[in-house]
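Protein chains: 4
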Amino acid sequence: MAAFAAKDPDFEQRVRASFARQRFMDTLGITMDRVGPGECVLSMGFRPDLCQQHGYVHAGATTALADSAAGYAAYSLMPAGSSVLTVEYKLNLLAPAAGKRFVARAVVEKPGRTLSVVRSEVAAVADDGSERAVALMQATMMCLADTSDAPALSAGPA
Amino acid sequence: MAAFAAKDPDFEQRVRASFARQRFMDTLGITMDRVGPGECVLSMGFRPDLCQQHGYVHAGATTALADSAAGYAAYSLMPAGSSVLTVEYKLNLLAPAAGKRFVARAVVEKPGRTLSVVRSEVAAVADDGSERAVALMQATMMCLADTSDAPALSAGPA
Amino acid sequence: MAAFAAKDPDFEQRVRASFARQRFMDTLGITMDRVGPGECVLSMGFRPDLCQQHGYVHAGATTALADSAAGYAAYSLMPAGSSVLTVEYKLNLLAPAAGKRFVARAVVEKPGRTLSVVRSEVAAVADDGSERAVALMQATMMCLADTSDAPALSAGPA
Amino acid sequence: MAAFAAKDPDFEQRVRASFARQRFMDTLGITMDRVGPGECVLSMGFRPDLCQQHGYVHAGATTALADSAAGYAAYSLMPAGSSVLTVEYKLNLLAPAAGKRFVARAVVEKPGRTLSVVRSEVAAVADDGSERAVALMQATMMCLADTSDAPALSAGPA
């Protein structure tokens, strides 16, 4: 994993405060397991009401997990007072999302003043703790310096 | 909109039955408003528990809406007895997802025996009924001929 | 096609001057057939030295055509003195690129002060003038206001 | 790097023979530096006629390099007698493509009987041998079992 230095010494508090305001994370049961400079790990337990017609977790829920991990990985490297938003992402589904728990691990590939490119992998964790890759995302995140009235995480380009 | 002919005369019943089994659609409050040969329209009402930290609908919910519309647009053209799964998609966020309701309109760009390419647009509907584009998806869907034990919609490539 | 108004009355001259400096367009035999506010049409003749191992045009050449059309469609709406660069794109290949000529038609889906989203379609033209879609691109372009020492078209995010 | 086993003991000969038939690789001056089970390295020297208007290598050339590396990484794991084609890819540009040489390193993320997901990174090599990441691709490749009259690499889904 590439080593980055956070410009904002209080990045973890800033990232966790933003995450706590995302009500959709609560709706899906997503928790923030770890955040470091340029990386973020989120996870989500299996629930039948997150599933598609064959009992696997829906790609939309997997995407919410992967996107939020990617956004916060990028946000950890942004300056205090900034806001992050998702410009776009591409997700490949690698295997049916079957498991007890799902973990998204996001790492910044290229940080930038305005745009950052992030990779986010989602693995399914089985009852015995073994993991299987279920999705792979490549995302572009944008930093908004002035957040007084800016659109927020995952709100799209200004 | 391109005109396609459905191979399966009962495509609408097949599509709607599959949609009805997707519990995640219920969780998000998504309804199927229309399905035709090669096209599908889904919609979702605004709810605070679908939002990110600034009160806009989370990209993951927008993606679930766009992906399901895309999958069922493709599925409408597939033969009876088949199953559809999402291979991958790319989504651009165009504007903050603010509105009373969100509508995804998906159209098949290129149907194929195995793979289909679909475009899915999400618009936000304001109180006065006016619309604003909020997201644009380009997706690849796969047809599984034998569905006896196949992975399901949005389960990823076999 | 959405109707846009160009901020720069001399947009066509600016776009064509930039295109003329792209030596790779010469290498591939790509010409600019049309540019309007928010749209651009480029074309490329078939040549055996643009092909992959089965005699179809290589996806890289198709991408160069689609990307340049997308970039100049976006650039037509940017202000005088600005520069455009490709942030990212996603391309689906729809059919083998066989034909006498290949035409990319790009249209801006969402213009923005900083980022613009563009759709670019590539069609193969047969000897009899009939067309067949061969590729579909969804791209994100960035406007750089100060171009004194900026990276250029397709150079990536700063 | 994940370790894969090639099903076809003669995969290297098969991959190199296919590469040798790609005339576009010659046109761009691309060479195959290495191929192993599930991985491939291609490189391309800087040439002014590969550039866009500011003297950086055009994204289309970078894409041709990244796509071919990705396709052959996937093809190395496919059975004898098969053919590979590009379904789609997404490319982020990370920095201006300035340098003496450009190296694409592709690794299969998820091999599949029909579809494979591949990651391909392009780095620019400076005169002193130092490297800088310039592009990142996530691609989907398809295996065609019967290649008697199949579309070829980068020809799009059947």
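Protein chains in written order, with the numbering used here: chain Z, 1 to 158; chain V, 1001 to 1158; chain U, 2001 to 2158; chain C, 3001 to 3158. We treat Cβ as the ideally placed atom computed from N, Cα and C, and that holds for glycine. It should be emphasised that the depicted structure is a prediction, and the values quoted were computed from it without experimental measurement.
Proximity winner among V:ALA1066, V:GLY1081, V:ASP1049, V:GLY1099, relative to ASP1010 (chain V) (alpha-carbon distances): If you number the second sequence from 1, residue 1010 (chain V) lands on position 10. Here the closest residue by C-alpha is V:GLY1081.
Check each candidate in Z:ALA123, Z:THR63, Z:GLU12 and name the one with the smallest Cα separation from ALA1059 (chain V). For the purposes of this step, residue 1059 (chain V) is identified with residue 59 of the second sequence, where counting begins at 1. Checking every option, the nearest Cα to that of ALA1059 (chain V) belongs to Z:THR63.
Would you list, in sequence order, the uninterrupted alpha helix (DSSP H) runs of no fewer than 4 residues that lie entirely inside the segment 55 to 116 of chain Z?
Whole alpha helix (DSSP H) segments, 4+ residues: 59 to 75.
*ASP149 (chain Z) burial status per 10 Å Cβ neighbour count (16 or more: buried)*: As a first step, residue 149 (chain Z) is located in the first sequence; it is residue number 149 there, counting from the start. Confidence in ASP149 (chain Z) is poor, its pLDDT being 42 and thus under 50, which makes the residue's placement too unreliable to answer from.
Practice task
Taking only beta-carbon positions, decide if LEU1094 (chain V) is within less than 7 Å of chain U.
Solution key: In the second sequence, counting from the first residue as 1, residue 1094 (chain V) sits at position 94. It does; some Cβ of chain U falls within 7 Å.
- request: Compare the C-beta of GLU3109 (chain C) with all C-beta atoms of chain Z and state if any pair is closer than 7 Å.
  value: Indexing the fourth sequence from 1 puts residue 3109 (chain C) at position 109. So, interface residue.
With a Cβ-Cβ cutoff of 7 Å, do LEU1042 (chain V) and SER1068 (chain V) count as a contact?
Position 42 of the second sequence holds residue 1042 (chain V). Position 68 of the second sequence holds residue 1068 (chain V). SER1068 (chain V) sits close to LEU1042 (chain V), with the two beta carbons spaced by under 7 Å.
For ASP3128 (chain C), tell me which candidate among C:SER3120, C:VAL3015, C:GLY3099 has the shortest Cα-Cα distance. Position 128 of the fourth sequence, counting from 1, holds the residue named residue 3128 (chain C). If we check each option's Cα against that of ASP3128 (chain C), C:GLY3099 comes out closest.
Q.
Assuming contact is defined by CB atoms lying nearer than 7 Å, are ALA1104 (chain V) and ALA1066 (chain V) in contact in what I supplied?
A. Against the second sequence, residue 1104 (chain V) aligns to sequence position 104. Against the second sequence, residue 1066 (chain V) aligns to sequence position 66. For the pair ALA1104 (chain V) and ALA1066 (chain V), the CB atoms are nearer than the 7 Å cut-off.
Residue-chain proximity (ALA3059 (chain C), chain U), Cβ-Cβ < 7 Å = Locating residue 3059 (chain C) in the fourth sequence gives position 59, counting from the first residue. Yes, ALA3059 (chain C) counts as interfacial toward chain U.
Looking at the secondary structure, which residues open and close the beta strand (DSSP E) in which LEU3144 (chain C) lies? Along the fourth sequence, read from residue 1 onward, the residue named residue 3144 (chain C) stands at position 144. LEU3144 (chain C) -> beta strand (DSSP E) spans 3131 to 3144.
Practice problem: Please report how far the alpha carbon of CYS51 (chain Z) lies from the alpha carbon of ALA3070 (chain C), in whole angstroms. | Solution: Here the question's residue 51 (chain Z) lines up with position 51 in the first sequence. Here the question's residue 3070 (chain C) lines up with position 70 in the fourth sequence. In a straight line, the C-alpha of CYS51 (chain Z) is about 32 Å away from that of ALA3070 (chain C).
| request: Verify the CB distance criterion: does GLU2121 (chain U) have a CB-CB separation below 7 Å to chain Z? | output: Counting from one through the third sequence, the residue named residue 2121 (chain U) turns up at place 121. At a cut-off of 7 Å between beta-carbon atoms, GLU2121 (chain U) makes no contact with chain Z.
Q. Helix or strand or just coil, what does DSSP make of ALA123 (chain Z)?
A. Stepping through the first sequence from its first residue, residue 123 (chain Z) is reached at position 123. Reduced to three states, the DSSP call for ALA123 (chain Z) is strand.
_Tell me the rounded alpha-carbon separation between GLY1029 (chain V) and ALA1073 (chain V)._
As a working note, residue 1029 (chain V) is residue 29 in the second sequence. As a working note, residue 1073 (chain V) is residue 73 in the second sequence. Answer to the nearest angstrom: the Cα atoms are 19 Å apart.
For a contact defined as C-beta to C-beta under 7 Å, what are the partners of ALA1145 (chain V) on chain U? Taking the first residue of the second sequence as position 1, residue 1145 (chain V) is located at position 145. What ALA1145 (chain V) touches in chain U: nothing, since even the nearest Cβ is about 21 Å away.
Closest to VAL2015 (chain U) by CA distance: which of U:GLN2053, U:LEU2085, U:ARG2132 is it? Here residue 2015 (chain U) corresponds to residue number 15 of the third sequence, with the count starting at 1. Nearest C-alpha to VAL2015 (chain U): U:LEU2085.
For GLU131 (chain Z), count the other beta carbons within 10 Å of its own beta carbon; 16 or more makes it buried, fewer makes it exposed. Which is it?
Looking up residue 131 (chain Z) in the first sequence gives position 131. Exposed, since its Cβ has fewer than 16 Cβ neighbours within 10 Å.
Whole-Å CB distance - VAL3087 (chain C) paired with LEU2093 (chain U), under 8 Å assumed = Position 87 of the fourth sequence holds residue 3087 (chain C). Position 93 of the third sequence holds residue 2093 (chain U). Yes, they are in contact, since the Cβ atoms of VAL3087 (chain C) and LEU2093 (chain U) sit about 7 Å apart, within 8 Å.
query = If you check the beta carbons only, do ALA3061 (chain C) and PRO3037 (chain C) fall under 7 Å apart?
reply = Sequence index remark: in the fourth sequence, residue 3061 (chain C) carries index 61 (1-based). Sequence index remark: in the fourth sequence, residue 3037 (chain C) carries index 37 (1-based). No, the Cβ-Cβ distance between ALA3061 (chain C) and PRO3037 (chain C) is not below 7 Å.
Checklist entry - Rounded C-beta distance between MET32 (chain Z) and PHE102 (chain Z)? I'm assuming under 8 Å. => result Counted from its first residue, the first sequence places residue 32 (chain Z) at position 32. Counted from its first residue, the first sequence places residue 102 (chain Z) at position 102. Taking the Cβ atoms as the reference, MET32 (chain Z) lies roughly 14 Å from PHE102 (chain Z), outside the contact range of under 8 Å.
Note to self: Let me check one thing: in DSSP terms, what residues is THR1031 (chain V) bridge-paired to?
What the structure shows: As a working note, residue 1031 (chain V) is residue 31 in the second sequence. Its beta-bridge partners are V:SER1043.
Practice task
Can you pull the chain U residues whose beta carbon is under 7 Å from the beta carbon of LEU77 (chain Z), in chain order?
Solution key: If you number the first sequence from 1, residue 77 (chain Z) lands on position 77. Under the 7 Å cutoff, chain U gives no residues; its nearest Cβ is about 14 Å from LEU77 (chain Z).
field: In DSSP terms, what GLY38 (chain Z) is bridged to
entry: Locating residue 38 (chain Z) in the first sequence gives position 38, where the first residue counts as 1. Paired residue(s): none; GLY38 (chain Z) is not in a bridge.
Q.
Would you say ASP1008 (chain V) lies against chain C (beta-carbon separation less than 7 Å)?
A. Here residue 1008 (chain V) corresponds to residue number 8 of the second sequence, with the count starting at 1. Residue-level contact by beta carbon fails for ASP1008 (chain V) and chain C, as no gap is shorter than 7 Å.
Interface residues of chain V facing GLU88 (chain Z) [CB-CB closer than 7 Å] = Residue mapping note: residue 88 (chain Z) aligns to position 88 of the first sequence, counting from 1. Chain V residues near GLU88 (chain Z): LYS1090, LEU1091, ASN1092, LEU1093.
Top-ranked residue by Cα proximity to ALA3135 (chain C), from Z:ALA123, Z:VAL125, Z:SER116, Z:MET142
As a first step, residue 3135 (chain C) is located in the fourth sequence; it is residue number 135 there, counting from the start. It is Z:SER116.
Point to revise | Supposed contact pair GLN13 (chain Z) and GLN1053 (chain V) - C-beta distance, whole angstroms, cut 8 Å | key: Stepping through the second sequence from its first residue, residue 1053 (chain V) is reached at position 53. Stepping through the first sequence from its first residue, residue 13 (chain Z) is reached at position 13. Actually they are not in contact, since the Cβ atoms of GLN1053 (chain V) and GLN13 (chain Z) sit about 14 Å apart, beyond 8 Å.
- With 16 other CB atoms within 10 Å as the buried threshold, where does PRO164 (chain Z) fall? Only positions 1 to 158 of chain Z appear in the structure, and residue 164 (chain Z) is not among them; the question remains open.
Verify the CB distance criterion: does ASP3128 (chain C) have a CB-CB separation below 7 Å to chain U? Counting from 1 along the fourth sequence, the entry for residue 3128 (chain C) is found at position 128. False, the Cβ-Cβ gap to chain U never drops below 7 Å.
Quiz prompt | 8 Å Cβ cut-off: residues of chain C touching ALA2080 (chain U) | solution = Residue numbering aside, residue 2080 (chain U) sits at position 80 when the third sequence is read from its first letter. Within chain C, no residue comes near ALA2080 (chain U); the closest Cβ sits about 16 Å away, beyond 8 Å.
Q | Closest residue to MET3142 (chain C) among C:ALA3124, C:GLY3055, C:VAL3108 (Cα-Cα distance) | A | Taking the first residue of the fourth sequence as 1, we reach residue 3142 (chain C) at position 142. Measuring from the Cα of MET3142 (chain C), the nearest candidate turns out to be C:VAL3108.
Considering only residues of the same chain and omitting the five flanking positions on each side of TYR2056 (chain U), which have a CB-CB separation below 8 Å? Here residue 2056 (chain U) corresponds to residue number 56 of the third sequence, with the count starting at 1. Only residues of its own chain outside the window of five on either side were considered, and among them PRO2096, ALA2097, ALA2098 have a CB closer than 8 Å to the CB of TYR2056 (chain U), listed in chain order.
Measure from the alpha carbon of ALA106 (chain Z) to the alpha carbon of each residue in Z:ALA20, Z:MET25, Z:ARG119, Z:ALA124, then state which is nearest. By 1-based counting over the first sequence, the position of residue 106 (chain Z) is 106. Per the C-alpha coordinates, the member of Z:ALA20, Z:MET25, Z:ARG119, Z:ALA124 positioned closest to ALA106 (chain Z) is Z:ARG119.
Exercise for the section: Please work out which residues of its chain come closer than 6 Å, Cβ to Cβ, to GLU1039 (chain V), disregarding the five sequence neighbours upstream and downstream, and give them in chain order. Expected result: Start at 1 with the first residue of the second sequence, and residue 1039 (chain V) comes out as number 39. Only ALA1073, VAL1107 meet the Cβ criterion.
Review point. According to DSSP, which residues form a beta bridge with VAL118 (chain Z)?
Key: The sequence position of residue 118 (chain Z) within the first sequence is 118, counting from 1. Under the DSSP definition of a beta bridge, VAL118 (chain Z) partners with Z:VAL108, Z:ALA139.
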